[in-house]
Each structure stands twice: as C-alpha cells, then as structure tokens.
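What follows is a single structure, written as structure tokens, with notes after it.
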Amino acid sequence: MSDKFELELLYRTITDALLVACNKNELSADIGRSSEMGKPEEWDSLSFVAVYLAVTEAFRLDAEDDDAIHFMSVEKIIRFLNDVL
Amino acid sequence: MPRLAFIGSTGRTATTFIAAVLNKLPGVLACHEGYPGSNKDQAPLIPLINLENRQAYLNPAAADDIVKSKRNIDLIKRLSPGDNFGLFIDVAYYNSMLAIALLKAHAQAKFIGIIRDCESFVRSATAMQGEDPLPVGWANSKKTLSPREKFISMGRIAPRPNTIEKGRWNDMSAIEKNIWLWRETNQVLIDASRAFPDRVALMRFELINIDKGTVFFSRIADHLGIDQDDMKQAVSARDEKFQNKKPQGYQVAEARDWSALERQYLKDSVENIEHWLSDV
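Respectively, the protein sequence lines represent chains G and R. If you count by this note's numbering, then the first sequence holds residues 1 to 85, one letter each, in order. If you count by this note's numbering, then the second sequence holds residues 1001 to 1280, one letter each, in order.
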C-alpha cells in the first residue's frame, strides 16, 4: 500500500527540525525510512520534541502527548500518518 | 543465567542511591535506569524506557510488548558477559508500569515496590518555576518546559480516556496532578503485589531514614535473598556523592496550606492506597 503523503516532505521536515535543534549544518547520517532515535545521533531525547512538533505542524495533525510514542522512528511516524491522515 | 530483580516506585525515592549501594554487593550487578551503579558516564546496559512508560499505563498489552523488546531474556544474558554476577537488579521509576509484564515474562524474577508518603512525594515532585533537574512530576502548567522536561513529560503517565481525571485534567493544579500520579503508580504496585504475592514486596520509603538505611536495605536483602552481612558492608560503604539534587528545597508548601480541593483529593487518595497497605 502506498503512503498517503509525500515521504520526501517527512524526511525534509525531520532533517530540518534536527538541524535547528542541534544547531548544525548537516546531520551525521541522512534521514530515511530506517532512521530512528539514536540513528542519526542528533535524534536524541532533547531533539525529539522538535521532531514531534515539526511533523505535527507540517502535516497539520491534532496530536496529543499520548501520540508521542509514534514519533520514535521514521517507520513508526509513517504508520501513524497513514492511520490519521 | 543470573537471577533478576526489579525495583519500582513513583520516583523521588532515592533510586539512584539505592542502585549505587546494591551495585557494591559481591555478585550483584545493579543499575539505575540501565546505568550500572548509577554511573551515567557510560552507556546504559539495557535500553532506556521513557515514552513507553505512559504507553504501558494506557495499554497493559503494550507493556508485554515493551518487555519482549526491551527487557527480554536475551538482552539480560548479554549483560557484561565477562563479569561474574548471580543477581541483576534494575532500579527505575518506570519498572512500576512494567511490573506485571516483567513478572509474567521472567518467572523467577522478584520485584520491590517502594512507596513514599504522598504529601512529601508531591512536594518533592512538583516544580512551580525554573528548570527541574529531576522532572518526575507534573509541573505548574504556566511554567515553560525545557526540551528535556517536555520529553520526560511525554512519557509520564496521564489519565486514561473516559476517566474523571481525563475530563478535568487541564483544570487540575500541579499538586492535584501529582497526587493522581502518586495514587495511580502505587495502585499499579499494589496490583502487582496482589497478582504475585510471593514475588513482590512493598516497602515504605521512609524506612531509609532509620539507622542510616540499615533497616530499609535489610528488607531488600530479605526479599532478594542477599546475605545480610554483605548488605551491611555495602550500606556502610555508601558513596556520599549521591546527594539529593534538590538542595534548594521544595517549591510547594505543606499540605495544610493547599487549597480545600487539593487537601480533599490528598485525603481521598491516601485513604484509597493505605487501605491496601495496612500490613506494609
């Protein structure tokens, strides 16, 4: 089944959020389908909230903190977006 | 294969110190939230759990999955393979929400639930201003959270759907929210104790103040089958670097100065929990 949204937009949103949160010009690894907290290393507990807020804003989600569990990896975010969009 | 033990609580129960003392015992590897001997300078031996804590509370079936993926037997077997230890202990607030799942998954494991007096927990856990270095409890809703505080809050338990507290959550004060946090966490510990009475011991946190903690640690030794002389030595060799990280004191007044609503909620919640703790 194809995704209900543009994957590139998701990758770009996560990348931009991590760059701003970590005050860096580039990440130690590109964001892709296998990315998750700790991979790249810039995606840690401190930048997690930036990713969560950026994705909810980019995809206009009405997410609650209970949904944060779905934001620990790209794969989980994709599943969540396909469920709620 | 080492024996396993888990210790859980609401948080704000000296868990860092407890793990450091237990890690001094011969043949014991004790961690605080995965960090051996509470040493945060090295990587945790077992995966951290944060957001999963709330998930486990909201959905008990999720707790089984979390234990399967993050506290499974293969992970434990791989711990420090060069070391010779017969007992592995993890001390962490989130073990409370995983207690029943841990006990189901590890048939020989023991569990200790530490229960602190409600008023002192709430006063210790409630931050009204400034960054909280140990954000165990819900903060004043007007306080701006740092990214770390926000991340930890996302894993803190919050009311289940269709409950009275869910409906009034946004109107509850930080004190009320932390009374709720205390009640729910301890109820989960009590439920684990009732489900596995021979494998779960509940202990009062306040015991740690008696005779430099010797009574408190003696009870732990009893439940986990640790030699009492070894425990006495570990307690006497305690590392004084583990001090309370909130030396500035509490930001919340004593309960007698709380609102009538907060005092009533405290009274009801304490009665509710104490009902199950008459023999603890």
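Virtual Cβ for every residue (Gly too), placed ideally from N, Cα, C.
Would you mind reading off the limits of the beta strand (DSSP E) that contains residue i?
| i | result |
| --- | --- |
| residue 1088 (chain R) | 1087-1091 |
| residue 1203 (chain R) | 1200-1204 |
| residue 1014 (chain R) | No beta strand (DSSP E) holds residue 1014 (chain R); DSSP gives it neither H nor E. |
| residue 24 (chain G) | Looking at the DSSP string, residue 24 (chain G) is not in any beta strand (DSSP E), and its letter there is neither H nor E. |
| residue 1110 (chain R) | 1110-1115 |
Taking only beta-carbon atoms, is residue i less than 9 Å away from chain R?
| i | result |
| --- | --- |
| residue 55 (chain G) | no |
| residue 19 (chain G) | no |
| residue 59 (chain G) | no |
| residue 74 (chain G) | no |
| residue 62 (chain G) | no |
| residue 69 (chain G) | yes |
| residue 65 (chain G) | yes |
| residue 11 (chain G) | no |
In chain order, what residues of the same chain have a beta carbon less than 7 Å from the beta carbon of residue i, not counting five sequence neighbours either side?
| i | result |
| --- | --- |
| residue 68 (chain G) | 52 |
| residue 1094 (chain R) | 1049 and 1053 |
| residue 5 (chain G) | 59, 81 and 85 |
| residue 1067 (chain R) | 1098, 1101, 1102 and 1105 |
| residue 1079 (chain R) | 1029, 1045 and 1088 |
| residue 1208 (chain R) | 1014 and 1216 |
| residue 1237 (chain R) | 1024 |
Where do the ends of the alpha helix (DSSP H) carrying residue i lie?
| i | result |
| --- | --- |
| residue 60 (chain G) | Residue 60 (chain G) -> no alpha helix (DSSP H), and no H or E assigned at all. |
| residue 1032 (chain R) | Unbroken run through residue 1032 (chain R) is the beta strand (DSSP E), 1028-1032; no alpha helix (DSSP H). |
| residue 1150 (chain R) | 1147-1155 |
| residue 1220 (chain R) | 1214-1224 |
| residue 1187 (chain R) | 1174-1195 |
| residue 1060 (chain R) | 1060-1070 |
| residue 1265 (chain R) | 1260-1274 |
| residue 1234 (chain R) | 1228-1236 |
| residue 1120 (chain R) | 1118-1125 |
| residue 1101 (chain R) | 1095-1105 |
| residue 84 (chain G) | 74-84 |
Is any beta-carbon of chain G found at less than 9 Å from that of residue i?
| i | result |
| --- | --- |
| residue 1069 (chain R) | no |
| residue 1196 (chain R) | no |
| residue 1205 (chain R) | no |
| residue 1097 (chain R) | no |
| residue 1158 (chain R) | yes |
| residue 1150 (chain R) | yes |
| residue 1058 (chain R) | yes |
| residue 1054 (chain R) | yes |
| residue 1155 (chain R) | yes |
Which same chain residues, not among the five before or five after residue i, have their C-beta less than 8 Å away from its C-beta?
| i | result |
| --- | --- |
| residue 1109 (chain R) | 1003, 1004, 1005, 1006, 1102, 1103 and 1199 |
| residue 1064 (chain R) | 1101, 1104 and 1105 |
| residue 47 (chain G) | 17, 18, 21 and 22 |
| residue 1179 (chain R) | 1118, 1122, 1262, 1265, 1266 and 1269 |
| residue 1077 (chain R) | 1001 |
| residue 1280 (chain R) | 1115, 1202, 1203 and 1204 |
| residue 1196 (chain R) | 1100, 1103 and 1111 |
| residue 1061 (chain R) | none |
| residue 1176 (chain R) | 1261, 1262 and 1265 |
Going along the chain, which residues of its own chain have a beta-carbon closer than 6 Å to the beta-carbon of residue i, five neighbours each way excluded?
| i | result |
| --- | --- |
| residue 1128 (chain R) | 1140 and 1251 |
| residue 1182 (chain R) | 1010, 1118 and 1121 |
| residue 1185 (chain R) | 1010 and 1096 |
| residue 1135 (chain R) | 1149 and 1152 |
| residue 1165 (chain R) | 1159 and 1180 |
Return the Cβ separation of residue i and residue j in integer angstroms, given the expectation that the two are a contact with Cβ distance under 8 Å.
| i | j | result |
| --- | --- | --- |
| residue 1090 (chain R) | residue 1046 (chain R) | 7 Å |
| residue 1223 (chain R) | residue 1192 (chain R) | That pair is no contact at about 13 Å. |
| residue 50 (chain G) | residue 13 (chain G) | With 8 Å as the limit, residue 50 (chain G) and residue 13 (chain G) do not qualify as a contact, their Cβ atoms being about 10 Å apart. |
| residue 1058 (chain R) | residue 1160 (chain R) | 6 Å |
| residue 1092 (chain R) | residue 1155 (chain R) | About 12 Å; that fails the 8 Å criterion. |
| residue 1016 (chain R) | residue 1038 (chain R) | 5 Å |
What does residue i touch in chain G if you count any residue whose Cβ is under 8 Å from its own?
| i | result |
| --- | --- |
| residue 1050 (chain R) | 45 |
| residue 1172 (chain R) | Within 8 Å Cβ-Cβ: nothing; residue 1172 (chain R) doesn't reach chain G, min ~15 Å. |
Kindly list, in the order they appear in chain R, the residues whose Cβ is closer than 7 Å to that of residue i.
| i | result |
| --- | --- |
| residue 49 (chain G) | 1147, 1150 and 1151 |
| residue 77 (chain G) | The contacting residues do not exist; residue 77 (chain G) stays about 13 Å from chain R at best. |
Say the cut is 8 Å; is the CB of residue i nearer than that to a heavy atom of the ligand NAP?
| i | result |
| --- | --- |
| residue 1214 (chain R) | Judged by which ligands are present, the structure shown has none, so any question about the ligand NAP falls away. |
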